[in-house]
Amino acid sequence: MKIDIVSQECVYDGFFSLNRFVVRHECFDGSQSAPLVRERIDRARAAAVLLHDAQRDSVVLVEQFRIGAVDDPHSAWLIECPAGMIEAGEQPMEVAQRECCEEVGRLPVDLQQIGEYYVSPGGSSEKITLYYGQIDSTGLNNTLCGVAHEGEDIRVLVVPWREIETQLDEGSITNATTLIALQWVQIARLKGTLPVGR
């Protein structure tokens, strides 16, 4: 199906950029849409990793302040997979490894790509490449990590899988990337296809 970008204007350029588009597109019935005004937040692609310690049947997550949740009645500190933006010239797997070093203090092994997805395509261009990786979680629980000059203040959490299942049932994990990764693990466990740790 065809898209005609009639115009594009950058209306804000900061940490993110905001672009206003006027577009027309082919419709499912073969007709052409009227001109549509759409705004899109543009940001770099990102990579994220679910870290699993198969020997301890635990996952390693990080907790940090997120401005998007500042008015959440429960907490603005979200529990997430380590993740970061992909800079020009970087590959997603490189970023996944770098972010594990920065946010957890340890490199994962046996990274396996789970998938790629748009975070919120109704208004954002952000796309995440998601990985599963093995890690030895010994001594990581409640350690503090992050890159100081980026203002990161990160607490590392080592969470037994039985607690993760409870948190999933209760809805206490509210980060989409983390939910997708944990549900991938749930399915892999049910199918008996979860990679075995070294």
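Heads up: the sequence shown is residues 1025 to 1222, going by our numbering. Here a beta-carbon is modelled for each residue, glycine too, at the ideal position from N, C-alpha and C.
Whole angstroms are fine: how far does the CA of residue j sit from the CA of residue i?
i     : j     : result
R1067 : E1140 : 16 angstroms
R1222 : G1038 : Because the pLDDT of R1222 is 44, which lies under 50, any placement of that residue in the model is unreliable, and the question is left without a value.
V1083 : R1044 : 40 angstroms
E1123 : G1146 : 27 angstroms
A1100 : A1212 : 30 angstroms
R1130 : E1114 : 20 angstroms
I1029 : F1052 : 18 angstroms
A1093 : Q1137 : 28 angstroms
A1172 : M1025 : 46 angstroms
V1046 : E1033 : 9 angstroms
L1154 : L1203 : 11 angstroms
D985  : Q1210 : Since the first residue shown for the chain is 1025 and the last is 1222, residue 985 is missing from the structure and cannot be characterised.
Y1036 : E1104 : 28 angstroms
G1170 : E1118 : 17 angstroms
L1060 : F1040 : 22 angstroms
I1091 : N1166 : 22 angstroms
E1063 : G1216 : 43 angstroms
Just reading off the beta strand (DSSP E) that residue i is part of, what are its end residues?
i     : result
A1071 : A1070 to D1077
V1084 : S1082 to F1089
K1151 : K1151 to Q1158
C1034 : I1027 to D1037
F1045 : S1041 to H1049
G1133 : A small fix is needed here, since residue 1133 is Val in this sequence, not Gly. Note, V1133: beta strand (DSSP E), V1133 to Y1142.
A1107 : A1107 to M1109
L1218 : Neither: L1218 is in no beta strand (DSSP E) and is coded neither H nor E.
D1066 : L1060 to D1066
L1102 : W1101 to E1104
Restricting to Cα atoms, I'd like to know which of the options is closest to residue i.
i     : options                       : result
R1179 : L1164, T1190, R1186 and I1188 : L1164
S1161 : C1125, E1150 and L1060        : C1125
L1214 : A1093, E1189, G1092 and V1143 : E1189
D1096 : L1218, E1111 and S1196        : S1196
E1174 : F1089, V1061 and Q1210        : F1089
I1110 : T1217, D1177 and E1150        : E1150
V1143 : E1176, G1216 and R1069        : R1069
G1108 : E1176, T1167, E1187 and L1206 : E1176
Are the beta-carbon atoms of residue i and residue j separated by less than 7 angstroms?
i     : j     : result
S1201 : I1159 : For the record, residue 1201 in the displayed sequence is Thr; it is not Ser. Not in contact: T1201 and I1159 (Cβ atoms no closer than 7 angstroms).
L1135 : G1157 : yes
I1027 : L1042 : no
P1116 : A1071 : yes
A1120 : V1073 : yes
L1102 : N1199 : yes
P1106 : V1133 : no
W1185 : D1081 : yes
S966  : H1049 : Residue 966 falls outside the range modelled here, since the chain spans only 1025 to 1222, and no answer is possible.
Give the range of the alpha helix (DSSP H) segment to which residue i is assigned.
i     : result
A1205 : A1200 to K1215
L1192 : W1185 to E1194
Q1121 : P1116 to V1128
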